[in-house]
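**Q**
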Amino acid sequence: MANEKLWGGRFTQPAAAEFERFSESFSFDRRLLRAEIRGSRAYARALERAGVLAAGEAAALAAALDRLEQEAGGASGAAEAGAVAPEDVHTFVAQRLEQLAGPAARKLQTGRSRNEQVALDLRLYLLDRRGELEGALAGYVAALARFAAEHAEVLIPGYTHLQRAQPVSLGHHALAYAEMLLRDAGRLADAYRRLAVLPLGSGALAGTPLAVDRAALAAELGMSAASQNSLDAVSDRDFAAELLFALALAGVHLSRWAEDWIFYSSAECGWLALGDQFASGSSLMPQKKNPDALELIRGKAARQIGSLLQLLTLLKSLPLAYNRDLQEDKEPVFDALDTAIASLRVAAGVVATTAVRRERAAAAAADPALLATDLADLLVEAGVAFRDAHELVGQLIARTVDQGRDFRQLTDDELRAWAPQIEPARVRDLSAAASVARRAALGGTAPAQVRAQAARVAKLAADLQTAPSDPQR
Ligand code: ARG
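In our numbering, the protein residues as written are 267 to 739.
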């Protein structure tokens, strides 16, 4: 059976060597080996119940599948393909089962098509790696929560338009990304609900003529339901597209965080000092410490967007039902998943090893211009209409910035000349710390609020880490 095809009967000429090389997928779909074994095990039992396999044949197949699983070893499957590479993972399993179980193996394909097998395997594979992905995401969120709790009191300038705007807590800034990633986790959970549907029992495209209990098969394989339309089940990949969208968006979120932290760790800000564990040097300039880990996280987002686009473009205008184009779905899916897990783990490492340079942050947050809004609020409290207060403060800031003065150092007379309603002592009490402390309503940057949010986020991350991989979740 050296390298027997599953479809050779009507052919008289062998495939051209270059076409074989062009069309093989075993080099990358061998990752689906464990899923293929699980699906085959369940299908063999279903065939036995449907009366296609005798009890002895089913037992021989079960033993052979166990053996194949041992050979496959770890999660990714390290089975040897032999001298001639098989066409794909389904062919590989069929060939090896025949060696191990003899003629019974030739019955396992009864009513079953690789079109449904590959759809099933991809779903099972993605479900298998769910815990790993969610664990990596939770690890990053947990690291942000720890960072935020520790640095709730550290203040930095907050920005809009990359211009200094108002003081914010450094912990508040970190938790903004935790919120984004928690929503990404929600999108993933939602995608997994639709992903946990069983295509097996759809045949090549038209459904199975055999008396297989598809609901029982679904339950046996940890799926929440069996698919309702065979044409759809063998050809849809929207479960993968949804997952890749969620991963690409998480990558975009990480890229924004990476960009902020690259800036914050530059000499221009200097508020963060990256750990040596996640920084690199220059081969020429001895003084350099470069944020390569963050830059790569930022760059990997491009790759993840590329994977999503690749998959969507593959699906666009594809006629029903299965087409071989679909073989091209696997590499972007695998790459997006690997990349997301790697980026999240490195991101968590960066957060855990970054030190905060509190004096530098405090110096930047002490910029009096950041208090302009609070000064306008004081005028409003003294009875000035906000638009007028805005105007007055704008003029004062322009003047004092020109003179290189802090508006809090103006004399009482100067302040009263500027705005007769103002109480000079209250102007002098304005500070970054007072500014953030005032913003204590839900979602605000007051350190007390940040500490409460950090605790909430830490708990959500812990729940995500320990949640069972239940498709109903
Ligand atoms: N290797 C194929 C894939 O990944 C498996 C399905 C092949 N089906 C077919 N009709 N040629 O899509």
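Where a beta carbon is used, it is the ideal one built from N, C-alpha and C, also for glycine. Quantities reported herein were computed from a predicted structural model and do not represent experimental measurements.
Please state the DSSP three-state secondary structure of residue 593.
**A** Your numbering for residue 593 matches position 327 in the sequence shown. Helix at residue 593.
**Q** Quick check on DSSP: helix, strand or coil for residue 556?
**A** The residue given as residue 556 occupies position 290 in the sequence shown. Residue 556 falls in the strand class under three-state DSSP.
**Q** Looking at residue 531: is its Cβ nearer than 7 Å to the Cβ of residue 552?
**A** Your numbering for residue 531 matches position 265 in the sequence shown. Your numbering for residue 552 matches position 286 in the sequence shown. No, Cβ-Cβ distance for residue 531 and residue 552 is not below 7 Å.
**Q** By how many angstroms is the C-alpha of residue 423 removed from the C-alpha of residue 429?
**A** Counting from 1 along the sequence shown, the entry for residue 429 is found at position 163. Counting from 1 along the sequence shown, the entry for residue 423 is found at position 157. So the two alpha carbons sit approximately 9 Å from each other.
**Q** Do the segment 327 to 337 and the segment 357 to 368 make contact, defined as three or more Cβ pairs closer than 8 Å?
**A** They touch, by the three-pair rule.
**Q** Quick one: using the 10 Å Cβ neighbour count with 16 as the cut-off for buried, is residue 740 buried or exposed?
**A** Because the chain spans 267 through 739 in this model, residue 740 falls outside it and cannot be assessed.
**Q** In the structure shown, what three-state DSSP assignment does residue 669 receive?
**A** By one-based count along the sequence shown, residue 669 stands at place 403. Residue 669 falls in the helix class under three-state DSSP.
**Q** What separation, rounded to the nearest whole angstrom, lies between the Cα atoms of residue 296 and residue 711?
**A** In the sequence shown, the residue the question calls residue 296 occupies position 30. In the sequence shown, the residue the question calls residue 711 occupies position 445. Residue 296 and residue 711: Cα-Cα distance of roughly 49 Å.
**Q** With which residues is residue 430 paired in a DSSP beta bridge?
**A** In the sequence shown, residue 430 corresponds to position 164, counting from 1. Note: residue 430 sits in a beta bridge opposite 425.
**Q** Buried or exposed, going by whether 16 or more other CB atoms sit within 10 Å of the CB of residue 521?
**A** What you label residue 521 is simply residue 255 of the sequence shown in a count that begins at 1. By the neighbour-count rule (16 or more Cβ atoms within 10 Å), residue 521 is buried.
**Q** Kindly indicate which residue of 671, 439, 448 and 315 has the alpha-carbon position closest to the one of residue 477.
**A** The residue given as residue 477 occupies position 211 in the sequence shown. Of the candidates 671, 439, 448 and 315, the one whose C-alpha sits nearest the C-alpha of residue 477 is 315.
**Q** Is residue 619 helix, strand or coil by DSSP?
**A** The residue labelled residue 619 in the question sits at position 353 within the sequence shown. Here residue 619 sits in helix by DSSP.
**Q** Look up residue 650 in the DSSP assignment and say whether it is helix, strand or coil.
**A** The sequence position of residue 650 within the sequence shown is 384, counting from 1. Coil at residue 650, not helix or strand.
**Q** CB-CB under 6 Å to residue 436, same chain, minus the five flanking residues each way: which ones, in chain order?
**A** Here residue 436 refers to the residue found at position 170 of the sequence shown. Closer than 6 Å at the Cβ level, and outside the excluded window around residue 436, lie 417, 420 and 422.
**Q** Can you tell which of 355, 385 and 323 has its C-alpha closest to the C-alpha of residue 587?
**A** Numbered from its first residue, the sequence shown carries residue 587 at position 321. Comparing Cα positions, the closest option is 385.
**Q** Quick check: is any heavy atom of the ligand ARG less than 6 Å from the C-beta of residue 380?
**A** As a position in the sequence shown, residue 380 is number 114, starting the count at 1. Residue 380: yes, Cβ under 6 Å from the ligand ARG.
**Q** Measure the CB-CB distance between residue 626 and residue 537 and report whether it falls below 7 Å.
**A** By 1-based counting over the sequence shown, the position of residue 626 is 360. By 1-based counting over the sequence shown, the position of residue 537 is 271. Contact: yes.
**Q** So, under 8 Å CB-CB, residue 716 and residue 519 are touching, yes? Tell me the CB distance rounded to an integer number of Å.
**A** Reading the sequence shown from its first residue, position 450 is the one you call residue 716. Reading the sequence shown from its first residue, position 253 is the one you call residue 519. The Cβ separation is near 19 Å, so there is no contact.
**Q** Specify whether the segment 445 to 454 and the segment 487 to 506 touch according to this definition: at least 3 beta carbon pairs, one from each stretch, less than 8 Å apart.
**A** The segment 445 to 454 vs the segment 487 to 506: no contact.
**Q** Should residue 605 and residue 566 be called a contact, given that it needs their Cβ atoms to be closer than 7 Å?
**A** Residue mapping note: residue 605 aligns to position 339 of the sequence shown, counting from 1. Residue mapping note: residue 566 aligns to position 300 of the sequence shown, counting from 1. Cβ distance < 7 Å, so residue 605 and residue 566 count as in contact.
**Q** Determine, using beta carbons only, whether residue 353 and residue 290 come nearer to each other than 7 Å.
**A** Taking the first residue of the sequence shown as position 1, residue 353 is located at position 87. Taking the first residue of the sequence shown as position 1, residue 290 is located at position 24. Cβ atoms of residue 353 and residue 290: closer than 7 Å.
**Q** Examine the ligand ARG and report whether any of its heavy atoms sits within less than 6 Å of the Cβ of residue 622.
**A** Here the question's residue 622 lines up with position 356 in the sequence shown. No, Cβ of residue 622 sits at least 6 Å from all heavy atoms of the ligand ARG.
**Q** Taking 6 Å as the cut-off, does the CB of residue 749 come closer than this to any heavy atom belonging to the ligand ARG?
**A** Since the first and last residues shown for the chain are 267 and 739, residue 749 lies out of range.
**Q** At least one CB of chain C closer than 7 Å to the CB of residue 288: is that the case?
**A** Here there is only one protein chain, and chain C is not present.
**Q** Which stretch, first to last residue, makes up the alpha helix (DSSP H) that contains residue 274?
**A** Looking up residue 274 in the sequence shown gives position 8. Neither: residue 274 is in no alpha helix (DSSP H) and is coded neither H nor E.
**Q** Return the CA-CA distance between residue 589 and residue 469, expressed in angstroms with no decimal places.
**A** Working through the sequence shown from its first residue, we reach residue 589 at position 323. Working through the sequence shown from its first residue, we reach residue 469 at position 203. Answer to the nearest angstrom: the Cα atoms are 14 Å apart.
**Q** Are three or more beta carbon pairs between the segment 377 to 391 and the segment 691 to 708 nearer than 8 Å?
**A** The answer is no - the segment 691 to 708 does not touch the segment 377 to 391, with fewer than three Cβ pairs under 8 Å.
**Q** Go ahead and pull the three-state DSSP assignment for residue 281.
**A** Here residue 281 refers to the residue found at position 15 of the sequence shown. Coil.
**Q** Assign residue 450 to buried or exposed, taking buried as 16 or more other Cβ atoms, counted over all protein chains shown, within 10 Å of its Cβ.
**A** Residue 450 sits at position 184 when you count from the first residue of the sequence shown. Under this definition residue 450 is a buried residue.
**Q** Out of curiosity, what's the CA-to-CA distance linking residue 396 and residue 525?
**A** Looking up residue 396 in the sequence shown gives position 130. Looking up residue 525 in the sequence shown gives position 259. One C-alpha to the other measures close to 28 Å.
**Q** Where does the unbroken alpha helix (DSSP H) through residue 335 begin, and where does it stop?
**A** For the purposes of this step, residue 335 is taken as residue 69 along the sequence shown, with counting starting at 1. First-last of the alpha helix (DSSP H) with residue 335: 321 to 338.
**Q** Straight-line CA distance for residue 543 to residue 434?
**A** As a first step, residue 543 must be located in the sequence shown, where it is residue number 277. As a first step, residue 434 must be located in the sequence shown, where it is residue number 168. Spanning the two alpha carbons is a distance of roughly 28 Å.
**Q** Which residue wins for smallest C-alpha separation from residue 403, given the options 275, 512, 690 and 540?
**A** Counting from 1 along the sequence shown, the entry for residue 403 is found at position 137. Cα-wise, what sits closest to residue 403 is 512.
**Q** What are the start and end residues of the alpha helix (DSSP H) that includes residue 513?
**A** Indexing the sequence shown from 1 puts residue 513 at position 247. 504 to 530 is the extent of the alpha helix (DSSP H) around residue 513.
**Q** Counting C-beta neighbours from all protein chains within 10 Å, is the total for residue 273 16 or more, i.e. buried, or is it exposed?
**A** On the sequence shown, position 7 is the one that residue 273 refers to. It is exposed - the Cβ of residue 273 has fewer than 16 other Cβ atoms within 10 Å.
**Q** For residue 312, tell me which candidate among 411, 475 and 471 has the shortest Cα-Cα distance.
**A** Residue 312 sits at position 46 when you count from the first residue of the sequence shown. Residue 475 is the option with its Cα nearest to residue 312.
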